[in-house]
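**Student:**
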Amino acid sequence: SSSASGDGGSRAPDTSLFVPVPLKPGPGGAAAEDVGAELTRPLDKGEVLKHLNKFYKRKEIQRLGAENGLDARLFHQAFISFRKYIMESSSVSADLHIILNDICFCPTGHVDDLFPFFLRHAKQIFPMLDCMDDLRKISDLRLPPNWYPDARAIQRKIIFHAGPTNSGKTYHAIQRFLSAKSGIYCGPLKLLAHEIFQKTNDANVPCDLVTGEERVYASEDARQAPHIACTIEMCSTNTPYEVAVIDEIQMIRDPARGWAWTRALLGLCAEEIHVCGEAAAVDLVTELMYTTGEEVEVRNYKRLTPLTVLDYALESLDNLRPGDCIVCFSKNDIYSVSRQIEARGLECAVIYGSLPPGTKLEQAKKFNDPDDPCKILVATDAIGMGLNLCIRRIIFNSIVKPTVNEKGEKEIDSIPTSQALQIAGRAGRFGSSFTQGEVTAMHHEDLVQLKEILSETVPPVKAAGLHPTPEQIEMFAYHLPDATLSNLIDIFVSLSQVDGMYFVCNIDDFKFLADMIQHIPLNLRSRYVFCTAPLNRKEPFVCTTLLKFARQFSRNEPLTFDWLCRHTKWPLSAPKNIKELVHLEAVHDVFDLYLWLSYRFMDMFPDAALVRDIQKKLDDIIQIGVRNITKLIRASQSAAAPGAAEVVSEDSSTAKRDARAPSDRHGAKSPGALSIAVEAPALRRARSPRVSRSGMRQEDLKSYGRGSLANRLLREGLLTQEMLRQLESEWQDQHRNGRYGFGSKRDDQHSSKETGKKRK
1 SSSASGDGGS RAPDTSLFVP VPLKPGPGGA AAEDVGAELT RPLDKGEVLK HLNKFYKRKE
61 IQRLGAENGL DARLFHQAFI SFRKYIMESS SVSADLHIIL NDICFCPTGH VDDLFPFFLR
121 HAKQIFPMLD CMDDLRKISD LRLPPNWYPD ARAIQRKIIF HAGPTNSGKT YHAIQRFLSA
181 KSGIYCGPLK LLAHEIFQKT NDANVPCDLV TGEERVYASE DARQAPHIAC TIEMCSTNTP
241 YEVAVIDEIQ MIRDPARGWA WTRALLGLCA EEIHVCGEAA AVDLVTELMY TTGEEVEVRN
301 YKRLTPLTVL DYALESLDNL RPGDCIVCFS KNDIYSVSRQ IEARGLECAV IYGSLPPGTK
361 LEQAKKFNDP DDPCKILVAT DAIGMGLNLC IRRIIFNSIV KPTVNEKGEK EIDSIPTSQA
421 LQIAGRAGRF GSSFTQGEVT AMHHEDLVQL KEILSETVPP VKAAGLHPTP EQIEMFAYHL
481 PDATLSNLID IFVSLSQVDG MYFVCNIDDF KFLADMIQHI PLNLRSRYVF CTAPLNRKEP
541 FVCTTLLKFA RQFSRNEPLT FDWLCRHTKW PLSAPKNIKE LVHLEAVHDV FDLYLWLSYR
601 FMDMFPDAAL VRDIQKKLDD IIQIGVRNIT KLIRASQSAA APGAAEVVSE DSSTAKRDAR
661 APSDRHGAKS PGALSIAVEA PALRRARSPR VSRSGMRQED LKSYGRGSLA NRLLREGLLT
721 QEMLRQLESE WQDQHRNGRY GFGSKRDDQH SSKETGKKRK
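Note that the UniProt record's numbering has the sequence shown beginning at 1, numbered continuously upward.
(1) If you draw a straight line from the C-alpha of residue 541 to the C-alpha of residue 547, how long is it?
(2) What residue ranges within the region 394-429 form continuous beta strand (DSSP E) runs of no fewer than 3 residues, ordered along the chain?
(3) Would you mind giving the Cβ-Cβ distance between residue 428 and residue 436, rounded to the nearest angstrom? I have them listed as a contact below 8 Å.
(4) Report the three-state DSSP secondary structure of residue 318 (helix, strand or coil).
(5) Could you pull out every residue in the same chain whose Cβ sits closer than 7 Å to the Cβ of residue 77, ignoring the five residues on either side in sequence?
(6) Would you kindly work out how many angstroms separate the C-alpha atoms of residue 732 and residue 726, rounded to a whole number?
(7) Measuring alpha carbon to alpha carbon, tell me which of 274, 472, 89, 728 ends up nearest residue 296.
(8) Ends of the alpha helix (DSSP H) at residue 467?
(9) Is it buried or exposed for residue 623, if we count other Cβ within 10 angstroms and need 16 for buried?
(10) Between the alpha carbons of residue 568 and residue 635, how many angstroms are there, rounded?
(11) Beta-carbon separation of residue 378 and residue 350 under 8 Å?
(12) Among residues of its own chain, excluding the 5 on either side of residue 482, which ones have a beta-carbon nearer than 6 Å to its beta-carbon?
(13) Count the other C-beta atoms from every protein chain shown that fall within 10 angstroms of the C-beta of residue 46, then say buried if there are 16 or more, exposed otherwise.
(14) DSSP state of residue 203, grouped into three classes?
(15) Are the CB atoms of residue 324 and residue 392 nearer to each other than 8 Å?
(16) How long is the line joining the alpha carbons of residue 62 and residue 141, rounded to whole angstroms?
(17) Using only the alpha-carbon positions, how far apart do residue 423 and residue 268 sit?
(18) Can you tell me the Cα-Cα spacing of residue 174 and residue 442, whole angstroms?
(19) Quick one: give me the first and last residue of the beta strand (DSSP E) that residue 299 is part of.
(20) Go ahead and pull the three-state DSSP assignment for residue 503.
(21) Compare the Cα-Cα distances from residue 15 to each of 178, 430, 72, 301 and report the closest residue.
(22) Just verifying my parser: in three-state terms, what is the DSSP assignment at residue 342?
(23) For residue 45, name the three-state secondary structure that DSSP assigns.
(24) Taking residue 76 as part of the beta strand (DSSP E), name the residues at either end of that continuous run.
(25) Helix, strand or coil for residue 129 per DSSP?
(26) Under a Cβ-count criterion, where at least 16 other Cβ atoms within 10 Å of its own Cβ denotes burial, should residue 470 be classed as buried or exposed?
(27) Would you mind sorting residue 60 into buried or exposed? The rule is 16 or more other CB atoms within 10 Å of its CB.
(28) Return the bridge partner residues of residue 185 from the DSSP annotation.
(29) Judging by CA-CA distance, which residue of 510, 536, 519, 538 is the nearest neighbour of residue 529?
(30) Counting pairs of Cβ atoms below 8 Å between the region 133-148 and the region 493-509, do you hit three or more?
(31) On the three-state DSSP scale, how would you describe residue 140?
(32) Counting pairs of beta carbons, one from the region 501-519 and one from the region 161-171, are three or more of them closer than 8 Å?
(33) Can you tell me where the beta strand (DSSP E) with residue 273 in it begins and where it stops?
(34) Could you say which of 70, 490, 85 lies nearest to residue 48 if we only look at CA atoms?
(35) Which whole-angstrom value describes the C-beta separation of residue 594 and residue 559, a residue pair presumed to lie in contact below a C-beta threshold of 8 Å?
(36) Is there contact here, the region 107-114 with the region 221-237, by at least three beta-carbon pairs under 8 Å?
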């Protein structure tokens, strides 16, 4: 994420972001040349060049440039452009022509006389030089409470319900929401908004549902209900309510979405604001509310059911019991573990981030149903919030999670305490059939560190996210009409000033989409909307669809249901392998994207109702695939070439997937996520972002077991992870004892050196 200093002084702009506007010689130049030449003589371009270069080297000129906002970089770029303009123009303005002639041929002329012309040219190619003060004012983010005059006009009561998962904090806030004359619930997920929508209407309190993709009215005549359940980005800061509930407030620190919690907290017009979340956010919320003159009442909650961290690890899938949930941090592990569970004659439900909400709910219902034979759940950290699950024991398959650093490199690091607590807290839910929860790890080595992670205090939330508004970007564009949207955003963040309690959210996804559709002619407001579309840039099919949407939109051609069906090849059939399942998930995201755009451009995306119907049908098709996921895995493995398996890590917290397929050794595309490789034990035990306990670098881990006999046996089910671990342990014991049954190349070299010594 990007942040800006809050020292109150003017920030020096990052001038590397200033893109010069290209200038061409103006039309009708011949007449101007005639005037200049008539008054003096035609220019000698050779002489002009010599004097221009003298002008550039003058320290006095460089100082004058700096006083006018031209640092060394801008001064150089402006001079190159100025020189090129003069040298390549067939004519220049009469006044410039006369000055150049005087400098070249008259003793009274001096190169310093060029400065006003040079500065005029510099301001033409860098228009921001003339309006830097205005740009600084627009990008000054130091007083966000002032952006919400309606909220500042009332005295709001803030109640913070602080506690861990399963402590009843949200329940108490919702009780107040239900008893109010009007209210709004703001949650981080569609699933949560939908759950509150259902519960509220079931309690005979009319409540509407508002998400980015749909609006569902409680009344048949589509009148707005006094209560609304919405995803947090969709909350209105203009509508007055008696009670507002902001759920999962600790997400105010989220590098990408934190701005939505900041906006809701500062901007909601409600007499009472009930904030729910981790105690780690109490100090920041109190500090933020101090700046608005509002006091915070903190209500602390303790967990309702006991949670025990076990002293023993699971060690083997043979030790699974009903109500167990194995948490994995990559889709490959989900596939691998579910396949091994099925091989033991057990049924399991599967939940991961990129599944549609309906499929997640169906899998949760299957797992929760006491009459269903499915008693085991395999899931990613997607279960951390949004689903009610009857889990007895949480088992961490691994405590390291693949992440992508700022340079775009994949790293592995231990999960943070807040996330570990949120996931562990799902065990032993109050009111479920399990009166207490248990937590452990798959392997003993991980359990030792898991205990450390869970015992640590969650670090306090330090800052709240902010994001430039469309209005701010429009004002920027007014001053810099030739800049691209991506460049406008960069300059905005570069100049922005924030207080220490805030940070500017990560805008990489926004810029990615801005660059992708830059060549398409759109007005700024429409372009901004397309760039805020909720999609994952790692999904090529969804990205190319957005591109096609934007292109057709720019031609003023409505995106019809028939067009979408042709593009997605609807109707689609049930998936036969993992690759097809992954594609169906991407098509579901395309339908989501259409619905999201339909609420912003109704005329251009007119068939929302029809698309919603086929999306429900697609959800049913995906459910069939997930119910048969182990069959799909087997089909994928048999289709893949032997030895083509790769360890494909994926950051499941993005709740999306990378659908790009790696090539197998025959050059054919093998399904991206279907190269099912059991994650190497060394990777599981990795403790640092870059190096595992066994000393393997991450680059080595990626190729660990690729095409190896062990990997092939694992894929064919003839070898389990536990057996592999035992073999590895025995091999290490032998290695330590000097019995190199199947030593490494280095061992061979070592022994040959020893032999050579003896011969001598």
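Note that CB positions come from ideal geometry on N, CA and C, so glycine has one too.
Please read all numbers here as calculations on a predicted model, not as lab measurements.
**Tutor:** According to the structure shown:
(1) Reading the sequence shown from its first residue, position 541 is the one you call residue 541. Reading the sequence shown from its first residue, position 547 is the one you call residue 547. Going by the C-alpha atoms only, they are around 10 Å apart.
(2) 400-404, 410-414
(3) As a working mapping, residue 428 is identified with position 428 in the sequence shown. As a working mapping, residue 436 is identified with position 436 in the sequence shown. 5 Å between Cβ atoms; contact.
(4) For the purposes of this step, residue 318 is taken as the residue at position 318 of the sequence shown. Three-state DSSP puts residue 318 in a helix.
(5) What you label residue 77 is simply residue 77 of the sequence shown in a count that begins at 1. Same-chain partners within the cutoff: 20.
(6) Within the sequence shown, the letter at position 732 stands for residue 732. Within the sequence shown, the letter at position 726 stands for residue 726. Residue 732 and residue 726: Cα-Cα distance of roughly 10 Å.
(7) On the sequence shown, residue 296 is found 296 positions in, with the first residue counted as 1. When each option's Cα is compared against that of residue 296, the closest is 274.
(8) Taking the first residue of the sequence shown as position 1, residue 467 is located at position 467. Element bounds for residue 467: n/a, residue is neither H nor E.
(9) By one-based count along the sequence shown, residue 623 stands at place 623. Classification for residue 623: buried.
(10) Within the sequence shown, numbered from 1, the residue matching residue 568 stands at position 568. Within the sequence shown, numbered from 1, the residue matching residue 635 stands at position 635. If I take the Cα positions, the gap works out to 24 Å.
(11) As a first step, residue 378 is located in the sequence shown; it is residue number 378 there, counting from the start. As a first step, residue 350 is located in the sequence shown; it is residue number 350 there, counting from the start. In contact: residue 378 and residue 350 (Cβ atoms closer than 8 Å).
(12) Mapped onto the sequence shown, residue 482 falls at position 482. Taking C-beta separations shorter than 6 Å and ignoring five residues to either side along the sequence, the partners of residue 482 in its chain run 21, following chain order.
(13) Residue numbering aside, residue 46 sits at position 46 when the sequence shown is read from its first letter. That one is exposed.
(14) Walking along the sequence shown from the start, residue 203 turns up at place 203. The answer is coil: DSSP assigns residue 203 none of H, G, I, E or B.
(15) Position 324 of the sequence shown, counting from 1, holds the residue named residue 324. Position 392 of the sequence shown, counting from 1, holds the residue named residue 392. Yes, the Cβ-Cβ distance between residue 324 and residue 392 is below 8 Å.
(16) For the purposes of this step, residue 62 is identified with residue 62 of the sequence shown, where counting begins at 1. For the purposes of this step, residue 141 is identified with residue 141 of the sequence shown, where counting begins at 1. The alpha-carbon atoms of residue 62 and residue 141 are separated by roughly 32 Å.
(17) Walking along the sequence shown from the start, residue 423 turns up at place 423. Walking along the sequence shown from the start, residue 268 turns up at place 268. In a straight line, the C-alpha of residue 423 is about 30 Å away from that of residue 268.
(18) As a position in the sequence shown, residue 174 is number 174, starting the count at 1. As a position in the sequence shown, residue 442 is number 442, starting the count at 1. Answer to the nearest angstrom: the Cα atoms are 36 Å apart.
(19) Looking up residue 299 in the sequence shown gives position 299. From DSSP, the beta strand (DSSP E) with residue 299 extends over 296-300.
(20) If you number the sequence shown from 1, residue 503 lands on position 503. Residue 503 falls in the strand class under three-state DSSP.
(21) For this step, residue 15 is matched to residue 15 along the sequence shown. With distances taken between Cα atoms, residue 15 lies closest to 72.
(22) Taking the first residue of the sequence shown as position 1, residue 342 is located at position 342. Residue 342: helix per DSSP, three-state reduction.
(23) To locate residue 45, count along the sequence shown from 1; it is residue 45. Helix, per DSSP.
(24) The residue given as residue 76 occupies position 76 in the sequence shown. From DSSP, residue 76 is part of no beta strand (DSSP E) but of the alpha helix (DSSP H) over 72-88.
(25) Against the sequence shown, residue 129 aligns to sequence position 129. In the displayed model, residue 129 falls within a helix according to three-state DSSP.
(26) Here residue 470 refers to the residue found at position 470 of the sequence shown. Burial call: exposed.
(27) In the sequence shown, counting from the first residue as 1, residue 60 sits at position 60. It is exposed - the Cβ of residue 60 has fewer than 16 other Cβ atoms within 10 Å.
(28) Translated into the one-based positions of the sequence shown, residue 185 becomes position 185. Answer is 229, 245, bridged to residue 185.
(29) In the sequence shown, the residue the question calls residue 529 occupies position 529. Nearest option by C-alpha distance: 510.
(30) Taking one beta carbon from each stretch, the region 133-148 and the region 493-509 have 3 or more pairs nearer than 8 Å; the two touch.
(31) One-based indexing of the sequence shown puts residue 140 at position 140. Reduced to three states, the DSSP call for residue 140 is strand.
(32) No, the region 501-519 is not in contact with the region 161-171.
(33) As a first step, residue 273 must be located in the sequence shown, where it is residue number 273. Residue 273 -> beta strand (DSSP E) spans 269-277.
(34) Here residue 48 is taken as the residue at index 48 of the sequence shown, counted from 1. Of the candidates 70, 490, 85, the one whose C-alpha sits nearest the C-alpha of residue 48 is 85.
(35) Along the sequence shown, one-based indexing puts residue 594 at 594. Along the sequence shown, one-based indexing puts residue 559 at 559. Correct: roughly 7 Å between the Cβ atoms.
(36) Taking a cut-off of 8 Å for Cβ pairs, the region 107-114 and the region 221-237 do not touch, as fewer than three such pairs fall below it.
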